[in-house]
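Protein sequences appear in the order of chains A and B. First residue of the first sequence: 3, per the numbering used here; consecutive thereafter. First residue of the second sequence: 3, per the numbering used here; consecutive thereafter. Ideal Cβ placement from N, Cα and C applies to all residues, glycine included. Reading through the structure tokens given below for one structure.
Number of protein chains: 2
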Amino acid sequence: MVNVAVLGYGTVGSGVAEILWKKQSHVNRRAGEEINLKYVLDLREFPGDPVEKVLVHDFDTIVNDPEIRVIAEAMGGLEPAYTFAKRALEKGISFCTSNKVLVEAKGAELIEIAKEHDANFFFEASVGGGIPVIRPMIECLTADHFDEISGILNGTTNFMLTKMDQEGVAYDEVLAEAQELGYAERNPEADVEGHDAGRKIAILASLNSEKQVSFESLSMEGITKITNIDFEYARSLESSIKLLGSARKKDGKIYALVAPFMVPSSDPLYAVNGVYNAIKLHGDMLENVMFYGQGAGKEATASAVVSDIQDCVRRLGRHREILWSREPAELGDIMEYPFRFLVRVKDEGEEEQGSGGPTVGSAATLKAGVVGGKLAQFAAALGGAGRLVAPRGVTGEAAFLTKPMSEKELNAAIESTGVSVIGRIRLA
Amino acid sequence: MVNVAVLGYGTVGSGVAEILWKKQSHVNRRAGEEINLKYVLDLREFPGDPVEKVLVHDFDTIVNDPEIRVIAEAMGGLEPAYTFAKRALEKGISFCTSNKVLVEAKGAELIEIAKEHDANFFFEASVGGGIPVIRPMIECLTADHFDEISGILNGTTNFMLTKMDQEGVAYDEVLAEAQELGYAERNPEADVEGHDAGRKIAILASLNSEKQVSFESLSMEGITKITNIDFEYARSLESSIKLLGSARKKDGKIYALVAPFMVPSSDPLYAVNGVYNAIKLHGDMLENVMFYGQGAGKEATASAVVSDIQDCVRRLGRHREILWSREPAELGDIMEYPFRFLVRVKDEGEEEQGSGGPTVGSAATLKAGVVGGKLAQFAAALGGAGRLVAPRGVTGEAAFLTKPMSEKELNAAIESTGVSVIGRIRLA
Numbered sequence: 003m004v005n006v007a008v009l010g011y012g013t014v015g016s017g018v019a020e021i022l023w024k025k026q027s028h029v030n031r032r033a034g035e036e037i038n039l040k041y042v043l044d045l046r047e048f049p050g051d052p053v054e055k056v057l058v059h060d061f062d063t064i065v066n067d068p069e070i071r072v073i074a075e076a077m078g079g080l081e082p083a084y085t086f087a088k089r090a091l092e093k094g095i096s097f098c099t100s101n102k103v104l105v106e107a108k109g110a111e112l113i114e115i116a117k118e119h120d121a122n123f124f125f126e127a128s129v130g131g132g133i134p135v136i137r138p139m140i141e142c143l144t145a146d147h148f149d150e151i152s153g154i155l156n157g158t159t160n161f162m163l164t165k166m167d168q169e170g171v172a173y174d175e176v177l178a179e180a181q182e183l184g185y186a187e188r189n190p191e192a193d194v195e196g197h198d199a200g201r202k203i204a205i206l207a208s209l210n211s212e213k214q215v216s217f218e219s220l221s222m223e224g225i226t227k228i229t230n231i232d233f234e235y236a237r238s239l240e241s242s243i244k245l246l247g248s249a250r251k252k253d254g255k256i257y258a259l260v261a262p263f264m265v266p267s268s269d270p271l272y273a274v275n276g277v278y279n280a281i282k283l284h285g286d287m288l289e290n291v292m293f294y295g296q297g298a299g300k301e302a303t304a305s306a307v308v309s310d311i312q313d314c315v316r317r318l319g320r321h322r323e324i325l326w327s328r329e330p331a332e333l334g335d336i337m338e339y340p341f342r343f344l345v346r347v348k349d350e351g352e353e354e355q356g357s358g359g360p361t362v363g364s365a366a367t368l369k370a371g372v373v374g375g376k377l378a379q380f381a382a383a384l385g386g387a388g389r390l391v392a393p394r395g396v397t398g399e400a401a402f403l404t405k406p407m408s409e410k411e412l413n414a415a416i417e418s419t420g421v422s423v424i425g426r427i428r429l430a
Numbered sequence: 003m004v005n006v007a008v009l010g011y012g013t014v015g016s017g018v019a020e021i022l023w024k025k026q027s028h029v030n031r032r033a034g035e036e037i038n039l040k041y042v043l044d045l046r047e048f049p050g051d052p053v054e055k056v057l058v059h060d061f062d063t064i065v066n067d068p069e070i071r072v073i074a075e076a077m078g079g080l081e082p083a084y085t086f087a088k089r090a091l092e093k094g095i096s097f098c099t100s101n102k103v104l105v106e107a108k109g110a111e112l113i114e115i116a117k118e119h120d121a122n123f124f125f126e127a128s129v130g131g132g133i134p135v136i137r138p139m140i141e142c143l144t145a146d147h148f149d150e151i152s153g154i155l156n157g158t159t160n161f162m163l164t165k166m167d168q169e170g171v172a173y174d175e176v177l178a179e180a181q182e183l184g185y186a187e188r189n190p191e192a193d194v195e196g197h198d199a200g201r202k203i204a205i206l207a208s209l210n211s212e213k214q215v216s217f218e219s220l221s222m223e224g225i226t227k228i229t230n231i232d233f234e235y236a237r238s239l240e241s242s243i244k245l246l247g248s249a250r251k252k253d254g255k256i257y258a259l260v261a262p263f264m265v266p267s268s269d270p271l272y273a274v275n276g277v278y279n280a281i282k283l284h285g286d287m288l289e290n291v292m293f294y295g296q297g298a299g300k301e302a303t304a305s306a307v308v309s310d311i312q313d314c315v316r317r318l319g320r321h322r323e324i325l326w327s328r329e330p331a332e333l334g335d336i337m338e339y340p341f342r343f344l345v346r347v348k349d350e351g352e353e354e355q356g357s358g359g360p361t362v363g364s365a366a367t368l369k370a371g372v373v374g375g376k377l378a379q380f381a382a383a384l385g386g387a388g389r390l391v392a393p394r395g396v397t398g399e400a401a402f403l404t405k406p407m408s409e410k411e412l413n414a415a416i417e418s419t420g421v422s423v424i425g426r427i428r429l430a
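Now the structure itself:
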């Protein structure tokens, strides 16, 4: 029998406890050992709840009990989770967590401590909730080099963007609905500004580079400026708009960001809708691999935490190497990474039609030529960008589809021609 | 240093050797040990090929060399692969394979032998080529119960069906193209009749039930009867047609089959096109999880085999439990499992329009009522099935969308009313 403890009896923690109680025989058989939930740590009381029999209020009770071999943390936040993880691992107690803040900031260090004490630090549930992605990356995809990891890593924003796309609902309205449904986290900023996705792509980029890619170093752009007009342009390009966390390798450097992207229908991420998440990796041999599932939610996340507990139990006393050092990865300046952009600028009405210039993309969605004046100069400054036909009823603006170019180059074109930018979205 | 051998220098085997030679430092770092390819077994000679230095023609050389700790097999077929696997494992040499025929028929037994000798029998590449699915199932998804596993498990047929759907190419033409491109295996029957997909779903169903689900016990239906008219009906239902291997649990029994299914656009399998494969699992906590990637191809498959070699190396001398016993799983009769069907029957012209009866599905795609006479009797015998509007230019037939019913019930309705069936396709 292996004794385990759960830290935090909130949504995920109570889900973990319920699985350990209700699915005992299945969980034990697949762990190869009987798992006994000896303690649950929470500062609160839960009168009448089955947790009462195992509830403790002091971490010392758990960490000082020599029978405890595995601790699962589901409290969230950096502290006290970090201190608890460190103390547990230093005693050789394996530690697993769904806490992306902890993993992003301290993952490399905690893996190191785990290694020193023949224990394990596992964190499958910290990225993609119930979607297996961490373990597949470190156990299955070990022969490939990945030059891109891109994922829909936040269910709330994907729910919102899907609604905007499929039902034409406005941003404010769909945010209110997401909050009503309880999809939005306590602070909606973490979702809509891309911070949640940022921590997750930082973890994946770190595992891929075997070094530290820090959340703080990422470029982050949320979905707050996305409008229904952007979706109409997207549809004209057979695309949708998704908030992606993306890390790309180029010339030995890592370029990582969170931003809304136009995702074409040929991309497997295109069909990932609602609260579902997916992580796509592009490898030198495997090409595209994608993992899809529920990125959040009590049961899905708890299921992933229990899988980590089971794996810790199977590996008691034996450290599973995870290559992730504290050394900072070499990051490139995202402003210098080439993307294609859809750029919407104000059409101030002084333009003359049909001054030529190349067109890009589907002929049906593009005007035959690029208009003259300031817009024509802008198109030329972009190295010849195709102008898209504006969606029905949209006036006073012009939209261009650029060739691959850095944001620095794009900004230079904007500045030199004096166009007023309404919005810009990268193409995936 | 760990010495390994590869059996078979064909497409996959040579891919494995190339990775071990060309990506040494990456492969070794992630295996935690230096891996040395000491032997490649093949009956043929390869003058001028780098394999010459390690080529042997006799398995005894390999299995009798006490330095060999891991063997990767990529020969295909049951024999001599089975004998070689057994002999290796009995000596405590770990064995990994991309050979679905071997795994489906002898997986349970070889796992047992591996266990007895503290070795491992791994077979990630036998299902889904480069897609991690076996290891995620046994390492990551260990808390869930899965009541359905459905997958696009054959790239050739998916390439063909995608072409038929997107370009309206006829079956014969697209088969010829698949053969030209080298996508079709030596015997196209294995692909188009569903045998290849059948072996793979048998393996996945076995792992899920922890018992033997044999290929021979599966119901298998290929894609040879699928026509462009079927795709037109599918489109009217916002669906596509995919050849799925599917195993479902109901009342403790497993119902497994390979057949073409109408997959609605809301299903993540809908967007899996071309030679890509995907496996979707439905769990009691995780709901849908899906793994997507290249199901075949030299590099993708070889990458998965090398990952298995790396995992064998990390686990030298320690057996990783895989729950799959030789005991037969309890299978249900697929004829009794409820599906919804699209049934196309001949309209012999004696019918009268508009005799009422309920309609099913999108109003726009259904006639207002069900026609009278034999067809009306058939609709009634189906328990009230909605009739679909025939695609433009299609005459002399009527198509019905049934409620969930077993194929036995469907056959009874067909027999009792004497309609002539043109085709039937299940809805996913």
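The stretch 70 to 83 of chain A makes contact with the stretch 91 to 107 of chain A: 3 or more CB pairs, one atom from each, lie closer than 8 Å.
Assigned with DSSP and collapsed to three states, K88(A) falls in helix.
Think of a sphere of 8 Å around the beta carbon of S208(A): no beta carbon from chain B falls inside it, the nearest being about 15 Å out. Within chain A, the residues R32, G34, R316 have their CB atoms less than 9 Å from the CB of E323(B), given in chain order. In this structure, D269(B) lies away from K255(B), with their beta-carbon atoms at least 9 Å apart. C-alpha of V56(B) to C-alpha of I70(B): approximately 13 Å in a straight line.
Taking a Cβ-Cβ cut-off of 7 Å, M407(A) has no neighbours in chain B, whose nearest Cβ is about 29 Å from it. D167(A) counts as buried, since at least 16 other C-beta atoms from the protein chains shown sit within 10 angstroms of its C-beta. Interface criterion not met: the Cβ of P340(B) is under 9 Å from no Cβ in chain A. Distance between D174(B) and T229(A), taken at the CA atoms: about 46 Å.
At a Cβ-Cβ threshold of 9 Å, L288(B) and V265(B) do not count as neighbours. Exclusion of the five residues before and after Y272(A) leaves S242, V265 as the residues of its chain whose Cβ lies within less than 6 Å of its Cβ.
Residue range 197 to 211 is occupied by the alpha helix (DSSP H) that includes A207(A).
H147(A) reaches chain B at K25, H28, counting residues in chain order whose Cβ is nearer than 8 Å.
Here DSSP, grouped into helix, strand and coil, assigns T397(A) to coil. DSSP lists L9(A), T99(A) as the bridge partner or partners of E75(A). Residue state for D335(A) is assigned as coil, using DSSP reduced to three classes.
For G132(A) against G295(A), the beta-carbon gap comes to about 5 Å, under 8 Å, which counts as contact.
By alpha-carbon distance to G375(A), the top candidate from T164(A), E350(A), A304(A), L412(A) is E350(A). At a Cβ-Cβ threshold of 9 Å, Q26(B) and A145(A) do not count as neighbours. In summary, W326(A) is buried, with 16 or more beta-carbon neighbours lying within 10 Å of its beta-carbon over all protein chains present. The Cβ of E126(B) sits closer than 9 Å to at least one Cβ of chain A. The three-state secondary structure of K405(B), taken from DSSP, is coil. Counting every other CB atom within 10 Å of its CB across the protein chains shown gives A401(B) a total of 16 or more, marking it as buried. Excluding the 5 residues flanking it on each side, S267(B) has same chain C-beta neighbours closer than 6 Å at E240, in chain order. Taking 9 Å as the cut-off, the beta carbon of C98(A) is found closer than this to the beta carbon of F123(A). Shown here is that no member of the stretch 216 to 238 of chain A has a Cβ falling below 7 Å from a Cβ of chain B.
Annotation: Cβ neighbours of N290(A) in chain B (cutoff 9 Å, chain order): Y278, Y294, G295, Q296. DSSP places S241(A) inside the beta strand (DSSP E), whose first and last residues are 241 to 252.
Under the 9 Å criterion on CB atoms, L143(B) is classed as interfacial with respect to chain A. The continuous stretches of alpha helix (DSSP H) do not include K93(A), and DSSP gives it neither H nor E.
Just measuring C-alpha positions, the residue of I231(A), E36(A), A414(A) sitting nearest V391(A) is I231(A). Under DSSP, K282(B) forms a beta bridge with S152(B), M292(B). Between G15(A) and A74(A), the C-beta gap is smaller than 9 Å, which places the two residues in contact.
The C-beta of Q312(A) comes closer than 9 Å to at least one C-beta of chain B.
Taking a cut-off of 8 Å for Cβ pairs, the stretch 189 to 202 of chain B and the stretch 300 to 319 of chain B do not touch, as fewer than three such pairs fall below it.
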